[in-house]
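Input: a single structure, listed below in structure tokens.
Numbering (our numbering), first residue to last: 1 to 462.
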């Protein structure tokens, strides 16, 4: 038996009334009605003087919060206030529609002749320089239309660049980088004179997009740095080593370096505890590193403690792996399997014994770096594919503003990248300080001077 079909109803040529459009808009934005309504009710019930005092007190409280505790204000209040301000000043109805119309990013209803634009569903402003604007596409509009017009829309909105993500069917997110917070290179970090002045849990690397210092602990930490060639990955490592230079000089930290490229880190061979420049020698360095880790574990067990104090007999050890893909994926398969096993041991057991690993790679896929997930600290510099961003920083990182694949391939952008902020999943744009050849030579000479003093320095660090 055939099922009866009902013919489609004819579509009217008349437009929806403006009063009902306004009602629908108010329903989608209850705050636009509730906020002034609440003020009006407060003024009538409590008096306008009391209402003004409440509003003024709230504003004063926010100012005190802004000045007294920048960390919590920037984490909780600033993103919401920034998103609210930009939504109504930049992405509000007619203003945003004007930009979309100029870029031909709208459709026309064939019956009514009405212009239909994508609707702004949500605005998120996780950082001062990046907004994420979620759009509900108009009927008959596809995301490819936006993909083809991103550069034009960026110029129209007068922003640095725009990237796009598909959220779900019918919805896209425009990731809008409004400004470039880093316009000049950051000079190389200063080297402390004494070991007592070094805190291995708080090393200066560069600056954040908020204008604050970018600091990272290294003791017992494993750091994964991904970036295309010329992205400035080595700037991060050199900044860390300059911060630890007194410890290396005084024998409280040892460097184990695997340098298949034999370029930037070649100058550090004379100050390294172990150095490998070929695939075979790198494997030997890593094997010796694991043996040292095992020996430290045995000393801890014999002493009945979980962690030994930092001293010359028990120094902090740092393994630097420049282009880890050359060891794990591009070379001999037998060596790669052995190294993969050793790196899994280091990254899963090295925290307690003060054995850290710094791995640099250009292609951060699981095929290239199978132990990628064992690195708790990850930094994404300029990469060549959108997928690489989420591979390094975690799922959804690009959607939240980590446009590492959009960083221009230019010497002016070397050292710029993204990290995930502590205690949140929000990406933060950062830039590492630049260490040139002269700075590296100065660091090597500084370390070659030998221990400055004995007892007091060691006691302060331990």
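By construction, the Cβ of each residue, glycine as well, lies at the ideal position given by its N, Cα and C atoms.
Please read these numbers as outputs of a predicted model, since none were measured by experiment.
Of the residues 128, 382, 240, the one whose Cα lies closest to the Cα of residue 214 is 240.
Contact fails between the region 321–334 and the region 379–398, because fewer than three Cβ pairs, one in each stretch, are under 8 angstroms apart. Closest in C-alpha terms to residue 254, from the list 246, 272, 411, 46, comes 272. In this structure, the CA atom of residue 317 is about 11 angstroms from the CA atom of residue 247. If you look at residue 202, you'll find it isn't in any alpha helix (DSSP H); DSSP assigns it neither H nor E. Proximity of the region 424–438 to the region 158–176 falls short of the contact definition, fewer than three beta-carbon pairs being nearer than 8 angstroms.
In the structure shown, residue 417 falls within a strand segment according to DSSP collapsed to helix, strand and coil.
When the Cα atoms are used, residue 65 and residue 78 turn out to be separated by approximately 11 angstroms. As the crow flies, the alpha-carbon of residue 344 is around 6 angstroms from that of residue 371. Boundaries of the beta strand (DSSP E) around residue 321: 316–321. For residue 222, the uninterrupted beta strand (DSSP E) run begins and ends at 222–226, by DSSP. Looking at the DSSP output, residue 123 sits in a beta bridge with 133. Of the candidates 415, 59, 435, 415 places its Cα closest to the Cα of residue 225. Residue 430 sits in a strand when the DSSP states are folded into three classes. Uninterrupted alpha helix (DSSP H) stretches at least 4 residues long and entirely within the region 346–399 occur at 386–393, given in chain order. Between the alpha carbons of residue 130 and residue 429 lies a distance of about 9 angstroms. When DSSP states are grouped into helix, strand and coil, residue 44 belongs to the helix group.
A distance of 8 angstroms or more separates the beta carbons of residue 171 and residue 139.
Beyond the five residues adjoining it in sequence on each side, residue 266 comes within less than 8 angstroms, by CB distance, of 259, 277 in the same chain, given in chain order. Secondary structure at residue 82: helix, using DSSP grouped into helix, strand and coil.
Where residue 243 is concerned, the enclosing alpha helix (DSSP H) starts and stops at 233–243. For residue 229, the closest of 113, 221, 410, 191 by C-alpha to C-alpha distance is 410. A Cβ-Cβ distance of about 6 angstroms is found for the pair residue 293 and residue 350, placing them in contact under the 8 angstroms criterion. The beta carbon of residue 347 is closer than 8 angstroms to those of 222, 357, 371, 374, 375 in its chain, skipping five residues each way along the sequence. Residue 274 carries a strand assignment under DSSP once its states are collapsed to helix, strand and coil. By the criterion of at least three beta-carbon pairs nearer than 8 angstroms, the region 195–204 is not in contact with the region 393–406.
Inter-residue distance for residue 76 and residue 68 is about 14 angstroms (C-alpha atoms, whole angstroms). Excluding sequence positions up to five before and after residue 331, its CB lies within less than 7 angstroms of the CB of 279, all in the same chain and listed in chain order. With a threshold of 16 other beta carbon atoms within 10 Å, residue 388 meets it and is buried.
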